[in-house]
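Counting from 26, one number per residue, gives the positions in the sequence shown under the numbering used here.
Cβ atoms here follow ideal geometry from the backbone N, Cα and C, with glycine treated the same way.
Bear in mind the structure is a predicted one, so any value in this text is a computation, not a measurement.
Each remark here refers to the structure printed beneath this line.
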Amino acid sequence: MPVLISAVVLVGALCSLDLILTLGVIKRLREHGELLAARAVDRPRSAIELGEPVGEFATHTVDGEPLGRATITGTTLVGFFTPTCGPCKEQLPKFMEYARTVPGGRDRVLAAVVGDEDLAAPMVAELRSVAKVVTQTRNEEPLGAAFEIMAFPTVLMVAPDAEGDVVVTDDAVDLSRPTLPV
């Protein structure tokens, strides 16, 4: 009988210790959750920010059209994607649907696909119907540098300001809402 009582006391003590440790872990998880939530609000920027001017760039679309900051003459939707990015593949159909509603059509939509040309080909083929498309490698990104791209996917709205400089007018484009006719 004393062995049984000792075993029950030991199991009770272990369960109490386990409960105390579990409560400590739960407390730490709550603290980490609050820190992560705060960090999400202060998210690091993924590109040039609202109101900032776009840098100079000179490149060509996959169709051979010259493209530079001066060729952006009206409100333009700009998207940056890479074929190896899961979120890019998820955003691509939304971007394309949104692009179809942009006033001015294909002339007011610019898409950059960054990465290996062979991997980018299917994405480029899809985007060509709704946007002027630029392909770039990670080593050579004149468009990415001009827009200060740091993450993929990135979707921006840009337009010339009163002085004629192309500036970011929306750095958090909601692709789930269709554009309104201008």
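Local Cβ density within 10 Å of residue i, reported as buried at 16 or more and exposed below that
i      : result
Val79  : buried
Ile51  : exposed
Val33  : exposed
Met148 : buried
Ala62  : exposed
Val159 : buried
Met26  : exposed
Thr179 : buried
Val139 : buried
Gly104 : buried
Val36  : exposed
Cys40  : exposed
Pro108 : buried
Ala145 : buried
For residue i, the first and last residue of its enclosing beta strand (DSSP E)
i      : result
Asp143 : Run containing Asp143: none in the beta strand (DSSP E); it sits in the alpha helix (DSSP H), Glu142 to Leu152.
Pro178 : No beta strand (DSSP E) contains Pro178, which DSSP labels as neither H nor E.
Ala136 : Val134 to Val139
Asp195 : Val191 to Asp195
Pro91  : Pro91 to Gly93
Val198 : Segment: none, Val198 is in no beta strand (DSSP E) and carries neither H nor E.
Val158 : Lys157 to Gln161
Span of the alpha helix (DSSP H) around residue i
i      : result
Ala171 : Pro167 to Ala171
Phe82  : Element bounds for Phe82: n/a, residue is neither H nor E.
Pro108 : First-last for Pro108: undefined, no H or E at that position.
Residue of the options minimising C-alpha distance to residue i
i      : options                           : result
Val155 : Asp190, Leu117 and Glu173         : Leu117
Glu188 : Leu44, Ala95 and Glu74            : Ala95
Gln161 : Ala137, Met148 and Phe177         : Ala137
Glu81  : Glu173, Asp195 and Ser31          : Glu173
Gly99  : Asp196, Ala197, Val198 and Val183 : Val183
Phe106 : Thr47, Glu151 and Leu54           : Glu151
Val198 : Thr86, Cys110, Glu142 and Thr101  : Thr101
Arg131 : Ala146, Leu35, Lys157 and Leu39   : Lys157
Glu77  : Arg133, Leu200 and Ala171         : Ala171
Glu122 : Leu135, Thr179, Met175 and Pro203 : Pro203
Leu153 : Leu44, Val87 and Leu42            : Inspection of the sequence shows that residue 153 is occupied by Arg rather than by Leu. If we check each option's Cα against that of Arg153, Val87 comes out closest.
Leu200 : Lys119, Glu142 and Leu135         : Lys119
Gly129 : Ala83, Ala176, Ile30 and Ile97    : Ile97
Nearest-angstrom beta carbon gap, residue j and residue i [assumed within contact, 8 Å]
i      : j      : result
Val191 : Pro185 : 6 Å
Ala72  : Leu181 : 6 Å
Val74  : Asp196 : Strictly speaking, residue 74 in this sequence is Glu, with Val absent from that position. So it is a contact: roughly 6 Å between Cβ atoms.
Near the ligand FAD: residue i beta-carbon under 8 Å from a heavy atom
i     : result
Val79 : Ligands in the displayed structure: none, and consequently the ligand FAD is not present.
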